[in-house]
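All remarks here apply to the structure that follows.
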Amino acid sequence: MAKSTSSDVLTLIHSLRSAYAATPTNLKIIDLYVVFAIATAVIQVVYMGIVGSFPFNSFLSGVLSCVGTAVLAVCLRIQVNKENKEFKDLPPERAFADFVLCNLVLHLVIMNFLG
Amino acid sequence: MVAPVEPKPGGTLRNAFGGVLGFFILLLIGVLAFSIRLFSVIKYESVIHEFDPYFNYRVTQFLTKNGIYEFWNWFDDRTWYPLGRVIGGTVYPGLTLTAGTMWWILNSLNIPLSVETVCVFTAPVFSAFAAWATYFLTKEVKGIGSGLTAATLLALVPSYISRSVAGSYDNEAVAIFALIFTFFLYIKTLNTGSLFYATLNALSYFYMVCSWGGYTFIINLIPMHALLCIVTGRYSSRLYIAYAPLVVLGTLLAALVPVVGFNAVMTSEHFASFLVFIIIHVVAFVYFIKGILSPKMFKVAITLVLTVGIAVCIAVIAILVALVASSPTKGWSGRSLSLLDPTYASKYIPIIASVSEHQPPTWPSYFMDINILAFLVPAGIIACFLPLSDASSFVVLYLVTSVYFSGVMVRLMLVLAPAACILSGIALSEAFDVLTRSVKLQLVKLLEGPLSNAGDTKDENSTAQNDVLKADKQVATNNKTEDVKERPSKKNRKKDKENTEKAPVKSHNEKRLLALPLEASAIAIILLVVLGSLYVIHCVWAAAEAYSAPSIVLTSRSHDGLHVFDDFREAYAWLRHNTEADDKVASWWDYGYQTTAMANRTVIVDNNTWNNTHIATVGTAMSSPEKPAWEIFNSLDVKYVLVVFGGLVGYPSDDINKFLWMVRIGGGVFPHIKEPDYLRDGQYRIDAQATPTMLNCLMYKLSYYRFVETDGKGFDRVRRTEIGKKHFKLSHFEEVFTTHHWMVRIYKLKPPKNRMKGKTKKPKPV
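Here the protein sequences come in this chain order: D and X.
Just so we're aligned: 62 in UniProt numbering is position 62 of the first sequence, and the numbers increase by one with no gaps anywhere.
Just so we're aligned: 596 in UniProt numbering is position 596 of the second sequence, and the numbers increase by one with no gaps anywhere.
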């Protein structure tokens with residue numbers, strides 16, 4: 001039972017890897033950006049765990065800016081992905097412009113809240 | 001909506017004409033919403049009503065005089081006497097900033113309106129905006145016809161009028177507009193999947209957080225709806241775009257408002273949004289993996305993830321539950337807890353229980369406040385299910401939750417009103433569609449005779465549509481002749497009868513256009529017009545008679561004409577002109593805002609009720625005999641005591657009727673005040689049967705001092721008895737002012753005597 005599960009896991013990982021390699025480059029760049037943002041957020045949380053949360057608003061704004069830009073990048077990926085039938089009429093430039101606008105608003109709020 | 005017309009030149013002209021007509025209808029709806037709220041300005045004067053609006057007015061005055069930085073950092077020392085109040089951090093700034101901005105814009109355009117005028121008319125202006133927002137929201141759910149109907153219903157609904165009449169300068173005036181607008185942008189994002197609207201949605205949510213504490217309704221309803229969509233299998237990437245940026249941006253923006261601050265991440269009111277945020281990410285990830293894997297591999301992945309994932313989830317949930325359960329209120333604030341458990345406030349927080357707006361509503365108040373909408377709403381719910389879309393499921397969920405909350409607190413009927421209007425608008429518009437279509441088709445059949453009887457029903461449809469253009473003129477004239485006599489004729493085109501609920505079901509199930517008999521449809525349309533006019537009559541009556549009282553000026557009609565009771569302003573003006581600027585005035589907390597705003601004197605407690613002990617101190621003083629009361633007031637540096645008394649004229653909301661709350665709140669903090677001491681047979685009495693504690697307490701004495709001089713017997717018109725103790729003197733207070741109808745009485749604390757009469761206490765030998 002364990003052997004079949006481990007071989008299943010290996011085949012699973014293989015198929016995941018091969019399926020992912022097939023995605024277009026621009027989507028992979030967005031995915032990399034998301035991973036970077038989440039990693040930054042995790043680093044900040046670990047730092048807060050070590051040092052304490054004294055200027056809580058700074059901690060909140062730092063973590064939420066990382067999470068926020070990751071979420072917005074995921075939204076961009078959804079809108080730009082050619083396999084999504086719902087968004088085939090949306091020009092990718094419009095999606096990117098929305099992404100930039102939303103990020104502007106997010107970072108304006110962050111700057112205000114950073115303290 | 002009417003069946004789509006083929007793209008003939010006549011069709012586009014009709015569409016253009018329809019668009020222009022729709023625009024003018026919307027404009028008129030706005031004017032209607034504005035003008036129906038002006039009754040109090042016409043009947044009385046342009047004055048601010050009630051109690052809370054006076055505080056908002058005072059804050060707006062400060063803002064316009066001193067600018068926004070001073071306002072943001074304002075510490076008010078004229079209230080809660082020794083403690084003061086941090087206004088910048090405890091007030092919801094949306095309303096004052098909105099009115100301040102409007103005043104500033106008008107003044108820079110050289111239109112010199114005073115701050116008071118802007119404040120009085122803010123609510124009607126924003127109710128017009130709210131009606132337009134309802135139009136946009138319902139248009140996203142069902143279509144333009146429903147939108148216009150819903151907008152008209154909202155412009156008139158008495159529940160909303162009661163809180164947004166001209167002069168009612170309170171948070172709900174702008175908050176309801178912000179609520180509907182936020183919901184509209186959420187539905188728009190859900191329907192289009194555009195990140196631009198998601199940004200606008202977050203900004204509108206920010207405006208709602210600035211305006212009202214009821215924003216927690218939005219931040220719990222939208223996650224509930226997202227969860228509902230996920231659970232019913234309607235997850236789509238548009239849902240992700242609508243929900244996830246809102247949570248992140250919304251939490252940040254909510255934390256920006258000083259009143260909310262870190263509560264945006266730490267109180268239980270927001271936890272639902274974070275929980276669903278995590279859930280939607282999990283679901284999105286699952287769908288993503290499903291998309292790139294083959295089904296067999298996907299099954300393997302599922303089994304693997306489930307075993308690991310469930311263990312992790314249980315651990316996380318256990319930690320969370322332990323954290324939350326460790327706080328006594330489980331992380332919820334008192335007001336929110338009293339919404340979830342209606343009996344909570346009466347057991348633990350008497351102040352919340354004592355506010356009359358926080359009581360549950362009675363059945364008649366539903367018919368008073370939303371009238372015919374109460375029975376149109378179920379028809380609307382049915383119409384929302386045919387077909388069910390994300391937007392219509394949201395509206396149904398909004399209605400169900402707001403019905404529950406309106407049942408807990410009568411004040412929250414206001415949140416029910418937009419939902420009821422939307423659903424009733426949908427019901428009316430859908431039913432009206434069927435009836436007018438029936439009339440059209442039946443008329444066509446009548447006029448064209450044997451021609452349209454040939455062929456199967458599909459041909460009948462297309463010929464009917466072709467003939468519709470010819471017969472349209474006749475139908476249009478028919479409609480016009482019916483409607484021209486009715487006064488608000490634009491509304492009546494869209495109104496419909498309620499007992500044709502069967503019709504929308506049938507017409508949507510069968511693809512054929514079902515036509516009801518001509519006479520039935522015509523009678524139904526006429527009856528619908530009558531129903532609509534009954535609604536309008538009721539709303540106008542409610543606005544004019546029931547909800548336009550400014551409560552600072554009272555009127556009564558008697559055989560010798562109209563009496564005006566302006567005692568409150570008389571008393572505040574006396575205080576303003578006859579006392580020193582630094583004198584402290586003590587009264588029950590109801591009158592605090594009005595005293596600081598109109599009399600401009602420092603008060604001890606006011607309507608904010610944030611400090612229960614301070615209020616209990618004043619309550620204890622009012623319930624104690626003269627000497628202990630004098631001592632309490634002297635320790636608070638009080639110079640004047642203000643008491644409201646309605647016994648001479650029959651004004652029922654006076655301090656003797658509120659006395660039971662003074663005893664309860666005071667007794668809650670100071671155990672020497674025991675409620676049974678004041679009760680005879682379980683009732684508060686002030687006649688000869690009253691208990692000695694009651695007859696000696698400060699409130700009794702200050703209310704009835706010299707009352708017997710008015711009619712010789714001391715007959716209290718509110719309690720309808722003669723008073724118990726008639727002739728007495730005050731030893732520690734002196735009366736300085738009583739208004740014309742004895743409604744407000746002001747007393748001054750006598751300074752302590754210089755010499756003590758009688759024996760002094762000998763010190764005990766050591």
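Just so you know, even glycine gets a beta-carbon here, dropped at the ideal spot from N, CA and C.
Here the structure is a predicted model, which means the values were calculated and not measured.
- A straight-line Cα-Cα distance of about 41 Å links D76/X and R557/X.
- Remark: C-beta atoms of S731/X and E626/X approach each other more closely than 7 Å.
- By the neighbour-count definition (other C-beta atoms within 10 Å, threshold 16), W72/X is an exposed residue.
- By the neighbour-count definition (other C-beta atoms within 10 Å, threshold 16), G250/X is a buried residue.
- Counting C-beta atoms within 10 angstroms of its own C-beta, H563/X has fewer than 16 neighbours from the protein chains shown and is therefore classed as exposed.
- Here the C-alpha atom of S35/X lies approximately 39 Å from the C-alpha atom of L101/D.
- For L108/D, not one C-beta of chain X is nearer than 7 Å to its own C-beta.
- In this structure, the CA atom of H49/X is about 20 Å from the CA atom of P93/X.
- Taking 7 Å as the Cβ-Cβ cut-off, the stretch 254-268 of chain X approaches chain D at A255, L256, F262, V265, given in chain order.
- In the structure shown, H563/X falls within a strand segment according to DSSP collapsed to helix, strand and coil.
- For T12/X, no Cβ of chain D is located within less than 7 Å of the residue's own Cβ.
- Using beta-carbon distances, A19/D counts as an interface residue toward chain X, with a partner under 7 Å.
- Residues of chain X whose Cβ lies closer than 8 Å to the Cβ of D89/D do not exist; the shortest such Cβ separation is about 10 Å.
- 7 Å or more divides the Cβ of G724/X from the Cβ of D677/X.
- Residue pairing of Y684/X in beta bridges, as defined by DSSP: L679/X.
- Taking C-beta atoms under 8 Å as the contact rule, Y747/X and F733/X qualify, at a distance of about 4 Å.
- Those residues of the stretch 183-198 of chain X placed with their C-beta closer than 8 Å to a C-beta in chain D are G193, S194, L195, F196, A198, ordered along the chain.
- Taking a C-beta distance under 7 Å as the contact criterion, A226/X and Y205/X do not qualify as a contact pair.
- Rounded to the nearest whole angstrom, the C-alpha separation of A391/X and F181/X is 14 Å.
- Annotated three-state conformation of A586/X is strand, per DSSP.
- Closer than 7 Å to the CB of A301/X there is at least one CB belonging to chain D.
- Just measuring C-alpha positions, the residue of L228/X, I241/X, A202/X, E140/X sitting nearest S194/X is I241/X.
- If the five residues before and after A427/X are omitted, its C-beta is found closer than 6 Å to the C-beta atoms of L376, A379, G380, A383, all from its own chain and listed in chain order.
- If you draw a straight line from the Cα of V45/D to the Cα of T216/X, it is about 27 Å long.
- Judged by their CB atoms, V410/X and P361/X are nearer to each other than the 7 Å cut-off.
- For F56/D, the enclosing alpha helix (DSSP H) starts and ends at 56-80.
- When the alpha-carbon of T23/D is set against those of K296/X, V31/X, G291/X, the nearest one is in G291/X.
- Residue-level contact by beta carbon holds for V248/X and chain D, with a gap shorter than 7 Å.
- Note that the C-beta distance between G592/X and D606/X is below 7 Å.
- Y651/X has its alpha-carbon roughly 37 Å from the corresponding atom of G89/X.
- For L64/D, the C-beta contacts it makes with chain X under 7 Å involve V248, T251, L252, in order along the chain.
- At a cut-off of 7 Å, the C-beta of I292/X has a neighbouring C-beta in chain D.
- For E116/X, the uninterrupted alpha helix (DSSP H) segment begins and ends at 115-141.
- Segment contact: the stretch 85-94 of chain D against the stretch 48-59 of chain D, fewer than three CB-CB distances shorter than 8 Å; contact not assigned.
- If you look at Y640/X, you'll find it in the beta strand (DSSP E) that goes 638-644.
- For the C-beta of P245/X, the chain D residues within less than 7 Å are, from N- to C-terminus, V71, L72, C75, C102.
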